[in-house]
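Colleague: Here UniProt numbering is used: position 207 in the sequence shown is 207, and no number is missing along the way.
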Amino acid sequence: MYHILRLLFLVVGSLAFLPTDDGSVGPAVHKQFLNDKETFQQQLQQLAGYVAADAPTDSLKAAFVRSRLAYKRIEWLLEYYQPFLASHVNGPPVIEVEGTEPGQTPILPTGLQVVEPFLFPIYNHTRKADLTHEITVLQAYASRLEQGIPADQLTDTNLLDAMRQQLFRLLTAGITGYDAPEARTGLSEAALSMCTLQKAFTPYAKRLSAPRAAQLDQCWTAAIRVLERASDFTNFDRVGFIRNQLYPLCRALQQARQELGIPAATTGRFLSPTVATLSDSGAFRPDYLINFGAFASTPQKVALGKTLFFEPLLSGNNARTCASCHQPERAFTDGRNKSRSFNSRQQVLRNAPTLINAGLQNAQFYDSRAFYLEDQAHDVLSNAHEMRTSPDEVVQKLGASAAYREAFASAFPAGLTAPNVRNALACYVRSLTGLNARPDRYLRGEPVALTDPEQLGFNLFLGKARCATCHFFPIYNGFVPPHYEKTESEIIGVPRQRKTQHAELDTDQGKYNTYQKTRHRFAFKTPTVRNVALTAPYMHNGVYQTLEQVVDFYNRGGGRGIGIQLDEQTLPEAALNLTKGEQKALVAFLAALTDTTGMTQRPNHLPAIDSNTSLNRRKVGGRY
């Protein structure tokens, strides 16, 4: 069925994107969008008719697949110009709760991903009424889609940026199975979406030099061919596809834009508008999360923040530092099940997460209680179980040092203030960004190699093991690409003790403790797995000591797979059925994500404190 649809698309679509007399591509793209939107609505109507007529299950599933394929022809524009509508047509099937204040305002999901579990892997006829309702809601949103595409804003810059983002979306959500986890249609959908993009680019290709046009056409064709010929979603070589077909296509598209003289998008985004691939250096901009301005990083702020990070004067007893719990040698963790509290004889509620790439998310702490690293620093300084001090007290103590006063005056126009202390610390943490592990360089085509187990593990991570549906490529945390506006939390059922059956749920209720929303009970932010080989023990309570144990937990289906009755678990409870060899390969890939280059050096000394003060700076662990 997919190949028939594509053949029709190629015949009709070859004429659809012809530019107008003035050379503008936008009107033709908008016209094609309206046509494709009508096709999508017709496919949904057919699906609804099949359900009403009690059609055979195979016919229902085929109609659903056709609906998804039809949606993929409009997704690139809808997601770019109207992501709100897109989220109601093909958003994740997760109930959200609105706002941060206590109380329950559930936002029910709608769309194709909500319909999918009614039909896949098996169709439950007893839920026909619920399925009919969901399709009706989906049709209502589908009838409004033309409102989301402003015909007068389809500029060359925006159209090419939308194409680029769609390629990134196909990588991070399509071929990984995030979009259609049960139907597993991600590969055929990606192929059809790429065909759509290729046809939309046709008017631009005619303006290119012959060599550039040929290069780009070759890249489109090669990528689409690999996807079309893939016969097994589980065993598809995603790593090879990214390195050898998708990334060369992304680069060729960028080179074509530059040759055409079309400027890159200037809209501020976390994802840089100028990079060609998600693995390029500088692909992500941590400063975007604070809207730049006065709080943007500078080398002076980073250097000052690094010094403060190791400064005992930031604690209430002048003996504890940020590095007490975030040790550079351990990828800024401390190796404990739960970190030591201000009173070293006690523990805090959870262990210390890595700070490397902490700037590549918009939620901090396991329970997402802070949105900015400045707020995270304030929370830690003021917390009675951590640094037990106050911003004003820190300013007073640092003010006793002429060197600190001078350093703050050099870094900030306002000099030494409490907000500037927090900002300096945050700028240092944002500088702890490392996206240059061996798998990153391999995907860029650099002369590095992955071992056979690492390559297998990488493919498992992106495919069969479903890791990348929560730990999104390439940051491998819960910051959802390619819009990067939301950091996801998951309920996975972390046990109190390591058991493989009859386990008991850990009592820490996670995000619920902060927001008092039932849907957040036992939910924790999805952390990055970069440098995970250095950050044992694992989970918020340190219940697992090795990566092998962690992989085994997920392979069994999370908490429900080891006997924990947790109806709200967001992690699929079905076993992954990874073989022992596949589990070892997955661990090998995770270990290959280690890269702390240039981030582990401690300051050689700290600024002197004026001798006429009564402050007593103690040494911590043999060094300041």
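Even glycine gets a Cβ: it sits at the ideal position worked out from N, Cα and C.
1) For N459, which of G563, L578, N124 has the nearest alpha-carbon?
2) Would you tell me roughly how many angstroms separate the C-alpha atoms of I475 and S272, rounded to the nearest one?
3) Could you check where the alpha helix (DSSP H) with Y554 kicks off and where it finishes?
4) For A28, which of helix, strand or coil comes out of DSSP?
5) Are the segment 489–503 and the segment 295–303 in contact at 8 Å, needing three or more beta carbon pairs?
6) Measuring alpha carbon to alpha carbon, tell me which residue in L593, E504, I564 is nearest L534.
7) Give the DSSP-derived three-state secondary structure of F524 in the structure shown.
8) Name the two residues that bound the continuous alpha helix (DSSP H) containing T500.
9) Quick one: residues in its chain with C-beta nearer than 8 Å to the C-beta of L85, no 5 flanking neighbours on either side, listed in chain order?
10) Alpha carbon to alpha carbon, what distance is there between E259 and T596?
11) Under 7 Å between the Cβ atoms of H471 and V421?
12) So what does DSSP say about Y372, is it helix, strand or coil?
13) Where K72 and T221 are concerned, what is the direct C-alpha to C-alpha distance, given to the nearest angstrom?
14) Between the segment 218–232 and the segment 118–135, are three or more C-beta pairs nearer than 8 Å?
15) Using 8 Å for Cβ pairs, my map puts L171 next to F473. What's the rounded Cβ distance?
16) Around the C-beta of L108, are 16 or more other C-beta atoms found within 10 angstroms, so that it is buried, or is it exposed?
17) Kindly give me the distance between the Cβ atoms of G177 and R184, rounded to whole angstroms, as I take these residues to be in contact under 8 Å.
18) Which residues in the same chain have their Cβ closer than 7 Å to the Cβ of P83, if we skip the five residues on either side of it in sequence?
19) Taking just the CA atoms, how far does Y554 sit from N351?
20) With DSSP run on the structure shown, which of helix, strand or coil describes G415?
21) According to DSSP, what are the bridge partners of E490?
22) Taking just the CA atoms, how far does D237 sit from D217?
23) Give every residue of the same chain whose Cβ lies closer than 8 Å to the Cβ of V587, excluding the five residues on either side of it in the sequence, and list them in chain order.
24) Taking only three categories from DSSP, how would you classify F366?
25) Taking the CB atoms as reference points, tell me whether T514 and D375 lie closer together than 7 Å.
26) Using DSSP with H/G/I as helix, E/B as strand and the rest coil, what is L108?
27) According to DSSP, Q327 sits in a beta bridge with which residue or residues?
28) Can you say whether E568 is buried or exposed, counting buried as having 16 or more other CB atoms within 10 angstroms of its CB?
29) Pick from L566, A536, T518, Y512: whose alpha carbon is nearest that of K525?
30) Quick one: grab the DSSP three-state call for E96.
Modeller: Working from what's here:
1) L578
2) 14 Å
3) 547–555
4) helix
5) no
6) L593
7) strand
8) Run containing T500: none; DSSP gives neither H nor E here.
9) L78, Y141, R144, L145, Q147, G148
10) 37 Å
11) no
12) coil
13) 18 Å
14) no
15) 7 Å
16) exposed
17) 6 Å
18) H483
19) 20 Å
20) coil
21) F524
22) 22 Å
23) G457, L547, E548, V551
24) The residue you asked about is not Phe; residue 366 is Tyr in the sequence shown. If DSSP states are grouped into helix, strand and coil, Y366 belongs with coil.
25) no
26) coil
27) T333
28) exposed
29) Y512
30) strand
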